[in-house]
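Undergrad: Quick note: the sequence shown, position 206, residue 220 per my numbering, numbers continuous. C-beta: ideal position from N, C-alpha, C; glycine also. Here it is, the structure in full.
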Amino acid sequence: MNKPKIYVAGHRGMVGSAIVRALQARDGAQIITRTRSELDLTDQEKVRTFFEQEAPDEVYMAAAKVGGIHANNTYPAEFIYENLMIEANVIDAAFRGGVKKLLFLGSSCIYPRLSKQPMREDDLLTGPLEPTNEPYAIAKIAGIKLCESYNRQYGDSHGLDYRSVMPTNLYGPGDNYHPENSHVIPALIRRFHEAKVSNAPSVVIWGSGTPKREFLYVDDMARACVHVMNLSKAIYKRQTEPMCSHINVGTGVDVTIRELAESIKEVVGYNGRLEFDLTKPDGTPRKLMDSQRLEDFGWKPEVEFKDGLVRAYQEFKEKSH
């Protein structure tokens, strides 16, 4: 039997590279990748040509323009335009190229700002989004709806099975440690490390420290993606609805930003004090995912939070030397 040809879009990103690692561990796939310079996913013609020439069997849609609160607030036009273009081009070209199986990766920010906690899949589109990342969230919601719409129109006639997973906040190997455009864990790892090296008396944390966040190690996320992609159609359909078909991927546990900062401080070995800058935005008060649907599919995370932070800090130190 031929090994399936699997295209991982965004293979150089944190999630895409973890998906490549997870697929390689299964030892049954021929993985196709393209860098951004080799294939601009916002260019419809180039994307269609790529699918015609390569004819992959499966697609993992991990390519996206991503960033934290600061980046989302500063570049809203790029965040909505690029993400809409990437997903529309890839999903449509996959359909035209005869790809039957596709997995789209979204984000927990698709849910309303004041969503009930924990957030369930059917909370989607029940209220206003968090303003700081609304353009990104709208693009991700559009990606889910693209998959669902192609399934509804072409599922029976063309055998399409396009699925979506919504990860909680991810961290781990391949993360972005940029001083301004990074997410909270890499930003704090960098800040505490620099404070330790320079013997700074304190480290400033954005906001009040009271918002709660859930974090998932990226290799756990990748394993969840492969797990969901390989579920039988019958099992997947039993647990989902045609217009609510996405799957939350989380740990079911969250921590306050203050607790997170104290954990990273300990992992880094910094001895100074924490200061909270109340002039900076807190973002959503709480974002905990209800991942029961995924648990019912037989998946659970493997990496403990503290262990994941130790691994992430180790990688940061290797990168910064």
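Leaving out five residues on either side along the sequence, give the residues of the same chain with a beta carbon under 6 angstroms from the beta carbon of K279.
TA: Residue 279 sits at position 265 when you count from the first residue of the sequence shown. Cβ within range, chain order: F206.
Undergrad: Suppose contacts are defined by Cβ-Cβ distances below 8 angstroms. Is I203 in contact with F290 by that definition?
TA: Residue numbering aside, residue 203 sits at position 189 when the sequence shown is read from its first letter. Residue numbering aside, residue 290 sits at position 276 when the sequence shown is read from its first letter. It is not a contact, given that the beta carbons lie outside the stated cut-off.
Undergrad: Span of the alpha helix (DSSP H) holding Y164?
TA: What you label residue 164 is simply residue 150 of the sequence shown in a count that begins at 1. It spans 148-172 - the alpha helix (DSSP H) in which Y164 sits, taken as one unbroken run.
Undergrad: Looking at R307: is its Cβ nearer than 8 angstroms to the Cβ of I261?
TA: As a working note, residue 307 is residue 293 in the sequence shown. As a working note, residue 261 is residue 247 in the sequence shown. Yes, they are a contact pair.
Undergrad: Could you check how far apart the C-beta atoms of G120 and K159 are, in whole angstroms? I think they sit under 8 angstroms.
TA: Counted from its first residue, the sequence shown places residue 120 at position 106. Counted from its first residue, the sequence shown places residue 159 at position 145. 11 angstroms between Cβ atoms; not a contact.
Undergrad: Using beta-carbon positions only, say whether T182 and M75 come within less than 8 angstroms of one another.
TA: Here residue 182 refers to the residue found at position 168 when the sequence shown is read from its first residue. Here residue 75 refers to the residue found at position 61 when the sequence shown is read from its first residue. The answer is no: Cβ separation not under 8 angstroms.
Undergrad: Tell me whether the beta-carbon of F65 lies closer than 8 angstroms to the beta-carbon of R26.
TA: Within the sequence shown, the letter at position 51 stands for residue 65. Within the sequence shown, the letter at position 12 stands for residue 26. No.
Undergrad: Is D5 buried or exposed, if buried means 16 or more other CB atoms sit within 10 Å of its CB?
TA: No answer is possible for residue 5: it lies beyond the span of the chain, which begins at 15 and ends at 335.
Undergrad: Taking the alpha carbon of T270 as the point to measure from, which residue in K114, P295, S222, S246 has its own alpha carbon closest?
TA: In the sequence shown, residue 270 corresponds to position 256, counting from 1. Taking only the C-alpha atoms, the option nearest T270 is S222.
Undergrad: Does the stretch 35-54 touch the stretch 17-25, meaning 3 or more C-beta pairs lie closer than 8 angstroms?
TA: In short, these stretches touch, since the Cβ pair count reaches three.
Undergrad: Counting beta carbon pairs with one atom in the stretch 162-171 and one in the stretch 136-154, are three or more of them shorter than 8 angstroms?
TA: No, because fewer than three Cβ pairs between the stretch 136-154 and the stretch 162-171 fall closer than 8 angstroms, the two stretches do not touch.
Undergrad: Can you tell me which of the three DSSP states Q131 falls into?
TA: On the sequence shown, residue 131 is found 117 positions in, with the first residue counted as 1. The answer is coil: DSSP assigns Q131 none of H, G, I, E or B.
Undergrad: Classify R48 as buried or exposed, calling it buried when 16 or more other Cβ atoms lie within 10 Å of its own Cβ.
TA: One-based indexing of the sequence shown puts residue 48 at position 34. Label assigned to R48: buried.
Undergrad: In this structure, how does DSSP classify E255 when only helix, strand and coil are distinguished?
TA: For the purposes of this step, residue 255 is identified with residue 241 of the sequence shown, where counting begins at 1. If DSSP states are grouped into helix, strand and coil, E255 belongs with the strands.
Undergrad: Taking the DSSP output, what are the residues bridged to L288?
TA: Taking the sequence shown and counting its residues from 1, one reaches residue 288 at position 274. DSSP lists V217 as partners of L288.
Undergrad: Of all the beta strand (DSSP E) runs that stay within the bounds of the stretch 182-249, which reach a length of 3 or more residues?
TA: Here the runs fully enclosed are 183-185, 216-220, 229-231.
Undergrad: Please work out which residues of its chain come closer than 7 angstroms, Cβ to Cβ, to K247, disregarding the five sequence neighbours upstream and downstream, and give them in chain order.
TA: If you number the sequence shown from 1, residue 247 lands on position 233. Only D175 meet the Cβ criterion.
Undergrad: Pair every Cβ in the stretch 67-85 with every Cβ in the stretch 187-200, then say whether three or more of these pairs are closer than 8 angstroms.
TA: Because the criterion of three Cβ pairs below 8 angstroms is met, the stretch 67-85 and the stretch 187-200 touch.
Undergrad: Relative to the C-alpha of G169, which candidate in V113, C123, P215 has its C-alpha closest?
TA: Numbered from its first residue, the sequence shown carries residue 169 at position 155. The shortest Cα separation from G169 among V113, C123, P215 belongs to V113.
Undergrad: Considering only DSSP beta bridges, list what Y125 is partnered with.
TA: For the purposes of this step, residue 125 is taken as residue 111 along the sequence shown, with counting starting at 1. According to DSSP, which records beta bridges pairwise, Y125 is partnered with nothing at all.
Undergrad: Pick helix, strand or coil for T56, following the three-state DSSP scheme.
TA: Numbered from its first residue, the sequence shown carries residue 56 at position 42. Three-state result, T56: coil.
Undergrad: Which value, in whole angstroms, describes the spacing of the CA atoms of V281 and V267?
TA: Counting from 1 along the sequence shown, the entry for residue 281 is found at position 267. Counting from 1 along the sequence shown, the entry for residue 267 is found at position 253. Computed Cα separation, rounded: 19 angstroms.
Undergrad: Which residues in the same chain have their Cβ closer than 6 angstroms to the Cβ of L116, if we skip the five residues on either side of it in sequence?
TA: The count along the sequence shown starts at 1 and reaches residue 116 at position 102. Here the set comprises V73, A108, Y176.
Undergrad: Since M99 contacts T56 with CB under 8 angstroms, what's their CB separation in whole angstroms?
TA: Position 85 of the sequence shown holds residue 99. Position 42 of the sequence shown holds residue 56. With 8 angstroms as the limit, M99 and T56 qualify as a contact, their Cβ atoms being about 4 angstroms apart.
Undergrad: Apart from the five residues on each side of it in sequence, which residues of its chain come closer than 7 angstroms, Cβ to Cβ, to E316?
TA: Taking the sequence shown and counting its residues from 1, the one referred to as residue 316 is at position 302. Closer than 7 angstroms at Cβ, skipping near neighbours: D234.
Undergrad: Can you list, in chain order, the residues of its chain with a C-beta nearer than 7 angstroms to that of K210? Leave out the 5 residues immediately preceding and following it.
TA: To locate residue 210, count along the sequence shown from 1; it is residue 196. For K210, where only same-chain residues beyond five positions count, the Cβ hits under 7 angstroms are V282, G283, Y284.
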